[in-house]
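Student: Below you'll find the structure I mean.
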Amino acid sequence: MLPKNQLLQQQQFIKLRQQSNNHNDNNNNSSSNRYNMKYSIIVILSLLILSISLVVQSSKIQYGYKQLNTSLPIKFNIIGPFPIGEREECYDTLEAYGGIWNIPIGDDTLYPSELGNDGKVGWTQYTASTPGSVSIDWSSSISWQFLQSVWGWNIWLWYGYAVGELEVAQKGSYILQCTGTRAIFIRYPDSDLILEFNGDYYSYGTGAQSLILPAGVYQFVVRMDSSVRLNQSPLGSFSCSFTQATSLLEPIGADTLLPDIVNGQLSSPYASITVLNTSPGILRALSANVRISGVSSTTSLAVNYNLNIAPNQKLAIPLNISFGDLVSLSQCPLPADIDIMVNGQIVVTVSSTFNCTQYPNPYTFTFLDYDNTVQYAVTNPPIDCQGQPCGVMLATHGAGVEANSQFWMDAIPRQQNLYILYPTGRRSWGYDWESASRINVFNALQYLATNLPGIPSNIKSEYPIDATKVLFVGHSMGGHGCWSLLSHFGDLAMGGACAAGFVKLQFYVFMNTKPGYSYVDPILQGLLMASIAENDNDMYTTNLAGLPLMARYGQNDTNVNPWHSRRMARMTAEANGNASSVIISEVPNEGHWFDGILGDSYMQQFYQSIISGGLSHPPIPKTFTVTTNNPASSGQRANIEILQLTTPFRVGRIQITQVPQPNGDLYWVISTQNVRRFGIAPTPVRQVMPTHVKIDGQLFSVAYLPNYHFTAPDKYGIYWNVSDDTTWQQLERSASTYGPMRQIFEKPFSIVTGSNVSVETTEVFEWAASYISNFWQTYGRGSPQIVSDAEFVPTADCATSNYILLGSPYENAVTNKYQPLIPVTYSEFGFSIGPTNYEDPTMGVATLAPNQCGTGLILVVSGNSVEGFLKAVKAIPQRSGVVVPDYMVVGNEWGFKGAGGIVATGFWSNNWQFNTDSAYQALNYNSAWL
15 MLPKNQLLQQ QQFIKLRQQS NNHNDNNNNS SSNRYNMKYS IIVILSLLIL
65 SISLVVQSSK IQYGYKQLNT SLPIKFNIIG PFPIGEREEC YDTLEAYGGI
115 WNIPIGDDTL YPSELGNDGK VGWTQYTAST PGSVSIDWSS SISWQFLQSV
165 WGWNIWLWYG YAVGELEVAQ KGSYILQCTG TRAIFIRYPD SDLILEFNGD
215 YYSYGTGAQS LILPAGVYQF VVRMDSSVRL NQSPLGSFSC SFTQATSLLE
265 PIGADTLLPD IVNGQLSSPY ASITVLNTSP GILRALSANV RISGVSSTTS
315 LAVNYNLNIA PNQKLAIPLN ISFGDLVSLS QCPLPADIDI MVNGQIVVTV
365 SSTFNCTQYP NPYTFTFLDY DNTVQYAVTN PPIDCQGQPC GVMLATHGAG
415 VEANSQFWMD AIPRQQNLYI LYPTGRRSWG YDWESASRIN VFNALQYLAT
465 NLPGIPSNIK SEYPIDATKV LFVGHSMGGH GCWSLLSHFG DLAMGGACAA
515 GFVKLQFYVF MNTKPGYSYV DPILQGLLMA SIAENDNDMY TTNLAGLPLM
565 ARYGQNDTNV NPWHSRRMAR MTAEANGNAS SVIISEVPNE GHWFDGILGD
615 SYMQQFYQSI ISGGLSHPPI PKTFTVTTNN PASSGQRANI EILQLTTPFR
665 VGRIQITQVP QPNGDLYWVI STQNVRRFGI APTPVRQVMP THVKIDGQLF
715 SVAYLPNYHF TAPDKYGIYW NVSDDTTWQQ LERSASTYGP MRQIFEKPFS
765 IVTGSNVSVE TTEVFEWAAS YISNFWQTYG RGSPQIVSDA EFVPTADCAT
815 SNYILLGSPY ENAVTNKYQP LIPVTYSEFG FSIGPTNYED PTMGVATLAP
865 NQCGTGLILV VSGNSVEGFL KAVKAIPQRS GVVVPDYMVV GNEWGFKGAG
915 GIVATGFWSN NWQFNTDSAY QALNYNSAWL
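Shown next as structure tokens:
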């Protein structure tokens, strides 16, 4: 290694320790196996230390007898296909045989696979038409049609590896970008150093990664994962580019967000430009300035803190822009230059363009989302509010559809007294309108209602919005989102029309064929599935009773089968006790999408049937059941808000029967299931509000939120009382801290790296921080700050802040500071959960905990070794549908067994304690016992 004082380039390394007895030696000496030294994977991350001379040297060199050209591979050896489940992100059967880094490349060895003829698959040689690109469906060797006859399209889920050679002709800083994959690896020649990078799976154009490489020939490995939702076939493909970096900060042009100019004025003041740090050090005090020829403008940061960016981190710079002049149509579309600065010095300038339109055409507006990132939405303003506040038609798009796509904006005609709001969910795939996507919806709605962006100032007073009067619509993934928002936030709904929406992800692409699930018992599988059960729209259909609803779809839909819409309609009709209460519109001879699916005359008549008598909420049925599996993702229904469950992540229900009294009073007779706290909201105001409630046989005068709620201290709910305690959330789990693990991403968060470790481990933590930041940016357009524990300063408002802490209390000073809050107990030998110690070096743990004020979250990620830590990092859920409860312990079988390699997992109690009712503990191996 070069001296420590030279520049550092952050990368991931995997240092492989030579194996001594675990595998037989392989004597294959072919040139294709030059990288196949036998190692066991002990995953260690480090920083590649390079002198600046390596970066600036530009002359081409000889590699052996070959003149090198910087190029991605054309020839690949591809191994696969191996089966994998939907959103099964940490499974690899090859780990049972040493892993991709230890097996011979391109030889005749066959490996077991349910997909292969004779039950085995091997290597395939592939020549790409474009360097760095592969597209393969295995149709020449796999009997897809036969397999599909039993398992349907989810049998098309497979993974494999494509292995080729990357040539680097000159030493320098490079930008690697790969679409269609989640992971790319570069292995040094004749070395045990392996770099890992995030892929851009959904081809957003935002997956650029930076690296510094000396000249040479490298092994280039792409993990291939098919997607039936993306390709509607067994096809798996990726496409990579590899270019030389030209600046310390590389703009990610596809991620630039600018508001539209409406009638010569900005619709909203926010903009965002995303950059990648290609330098080997932290760049501090990022800012930007927008320059427009012929238009005076001012630019400032939209946040009140300094923005720093770590090496290989992608960061969106949020900006506040104002124009001093009206923009004329002759200037449109309006070009702009954006100067990106570090410590006030311009580093790079990027060009972009403001789109212009005239009111009342649909237009894009931008806003600050919950985590202080700039996001966008589109609105189509109403024709006439008729002297009253207008309502909102909230339209959730399908997978891969941008909210500002012309066909999507044209799908629904302009409405008389409804704003049409098209939110993004933060990305075109987003999170299936769950988690961060759901929060994005309501932030867009709130910004629209509060600021009326884009409405000309002289008529704003004529177009106010009542954000509590919403008509929900959506298509495909957005149809799922439509059902989800209706069933979780029913008191906002005037009604809804959900088109071609799936019930839940595990019904859309079955999860029961996950290879990892074959190793687990029903208890573990139940806990894992409980972590996403809050998104099971069928379980929430009781909340849909009483709402005017339509399920619409094409009769021949082969993407989202009509079965899904029929299931939701049938269950909701049952909840209503009325077989015709849900309109089913099955359109003959049509498929998944057709013109008018949400906007033809039939749909317009349905919308008018809901709003023609005025904007109002439908009455509550005489008997009604409110359901939730997680208070964190549910609002109120029938004026009931479930605040806390008795046993977290088991379904909670409240059944209400309205009983009029002879004196004119109204009693609500309430029965509860697994509910510890709930409240009654005073709004929306019903025609008759209750005067008394009888809860599990106990009579109370009605008391309303936010000052009062009802609580049952007894576990079995046989004793209720009225509580005026508004501080309980600081000591117990509430909606803001209920989990599961993915909730860490649902508030602004920073990543804090531990420094009380060796130089090598410090570098591991720094890599992990950028890895987490970058996958959050790629999938969720998020931009956390990364700091060391020595630099950490708690935010002023901890109630709205989360932290990801990398390292145990022995490694991270901030983890140590908050150790009394963390349900996991740490020692110098390992850690313990409940009565069990976990001390094997291969083990790692990721766990939620409350932050210092009790209403935010901490995620602590640590391991008994660097290997264990890295396993724990990979346990953090990156996408919707990934099953991770509040905490997870993983060990040496986490690779080839997937879920079967989970050592312990579960949900913490309401008091952040270990709870045997919600916990699983597997075989607890410790190599020290040998």
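For the sequence shown, the residue numbers in the working numbering are 15 to 944.
Backbone N, C-alpha and C fix where the C-beta goes; we use that ideal spot for every residue, glycine too.
#1: Between His411, Arg440, Tyr433, Gln675, which lies nearest to Cys399 when the distance is taken from Cα to Cα?
#2: Whole-angstrom Cβ separation of Gly821 and Thr856, contact assumed at under 8 Å?
#3: Whose CA, out of Pro891, Ile266, Phe256, lies closest to the CA of Met755?
#4: Report yes if the CB atom of Ser301 is closer than 9 Å to the CB atom of Ile331, and no otherwise.
#5: How should Asp900 be labelled, buried or exposed, when 16 other C-beta atoms within 10 angstroms of its C-beta is the threshold for buried?
#6: Less than 6 Å between C-beta atoms, sequence neighbours within five positions excluded: which residues of the same chain meet that for Ser595?
#7: Please return the same chain residues whose Cβ sits closer than 7 Å to the Cβ of Ala259, not counting the five positions on each side in sequence.
#8: Closer than 8 Å is the cut-off here; do at least three beta carbon pairs connect the region 411–423 with the region 336–351?
#9: With 16 as the cutoff for other CB atoms within 10 Å, does Arg690 come out buried or exposed?
#10: When DSSP labels each residue in this structure, what does Lys885 get in the three-state scheme?
#11: Within the region 562–638, note down every full alpha helix (DSSP H) run reaching 4 residues or more, in order along the chain.
#12: Between the alpha carbons of Glu264 and Gly221, how many angstroms are there, rounded?
#13: Going by CA-CA distance only, name the one from Gln622, Val702, Val801, Glu842 that's closest to Gln675.
#14: Answer yes if the region 247–255 comes into contact with the region 315–331, meaning at least three C-beta pairs across the two stretches below 8 Å, and no otherwise.
#15: Would you list, in sequence order, the uninterrupted beta strand (DSSP E) runs of no fewer than 3 residues that lie entirely inside the region 852–936?
#16: Tell me the start and end of each unbroken alpha helix (DSSP H) in the region 204–262 that is at least 4 residues and wholly inside, in chain order.
#17: Taking contact to mean at least 3 C-beta pairs separated by less than 8 Å, is the region 825–832 in contact with the region 866–881?
#18: Taking only three categories from DSSP, how would you classify Cys812?
#19: Take Leu745 and list the residues in its own chain whose beta-carbon comes closer than 8 Å to its own, dropping the five residues that flank it on each side.
#20: What does a CB cutoff of less than 6 Å around Glu109 pick up in its chain, not counting 5 residues either side in sequence?
#21: Helix, strand or coil, according to DSSP, for Phe845 in the structure here?
#22: Any idea what DSSP makes of Pro273, helix, strand or coil?
#23: Could you tell me which residues DSSP pairs with Trp682 in its beta bridges?
#24: Considering Cα atoms alone, identify which of Gly794, Phe96, Gly504, Ser149 is closest to Pro635.
#25: Compute the beta-carbon to beta-carbon distance between Phe379 and Gln389, rounded to the nearest angstrom, for a pair I have assumed lies under 8 Å.
#26: Mapping DSSP to helix, strand and coil, what is Met355?
#27: Starting from Lys483, follow the alpha helix (DSSP H) in both directions and report where the run begins and ends.
#28: Could you check where the beta strand (DSSP E) with Ser311 kicks off and where it finishes?
#29: Considering only their Cβ atoms, is the gap separating Ile426 from Ala409 smaller than 9 Å?
#30: My output table needs one value for Gln744: the three-state DSSP class, helix, strand or coil.
#31: On the CB-based measure, 16 or more other CB atoms within 10 Å of its CB, does Lys134 come out buried or exposed?
#32: Does the distance from the CB of Tyr384 to the CB of Pro762 come in under 9 Å?
#33: Using DSSP with H/G/I as helix, E/B as strand and the rest coil, what is His502?
#34: Span of the alpha helix (DSSP H) holding Lys193?
#35: Determine the direct distance from the alpha carbon of Gly768 to that of Ser802, and round the result to whole angstroms.
#36: Could you please give me the residues that DSSP links to Asn394 through a beta bridge?
Tutor: Short version:
#1: Tyr433
#2: That pair is no contact at about 17 Å.
#3: Pro891
#4: yes
#5: buried
#6: Ala587
#7: Ser187, Tyr188, Ile189, Ser224, Thr292
#8: Taking 8 Å as the limit for Cβ pairs, the verdict is that the region 336–351 does not touch the region 411–423.
#9: buried
#10: helix
#11: 576–590, 615–625, all fully within the region 562–638.
#12: 12 Å
#13: Among Gln622, Val702, Val801, Glu842, the Cα nearest to that of Gln675 belongs to Val702.
#14: No, they do not touch.
#15: 858–864, 871–877, 901–904, 916–920, 933–935
#16: Qualifying alpha helix (DSSP H) stretches, in chain order: 242–245.
#17: yes
#18: helix
#19: Gly868, Asn925
#20: Gly909, Phe910
#21: strand
#22: Here Pro273 sits in coil by DSSP.
#23: Gln672, Val707, per the DSSP bridge assignment.
#24: Gly504
#25: Contact flag wrong, Cβ pair sits at about 10 Å.
#26: Strand.
#27: Not the alpha helix (DSSP H): Lys483 falls in the beta strand (DSSP E), residues 479–489.
#28: For Ser311, the enclosing beta strand (DSSP E) starts and ends at 311–315.
#29: yes
#30: helix
#31: exposed
#32: yes
#33: helix
#34: For the sequence presented, residue 193 should be read as Thr rather than Lys. It is not in any alpha helix (DSSP H) - Thr193 instead sits in the beta strand (DSSP E) that spans 186–193.
#35: When the Cα atoms are used, Ser802 and Gly768 turn out to be separated by approximately 6 Å.
#36: Ile434
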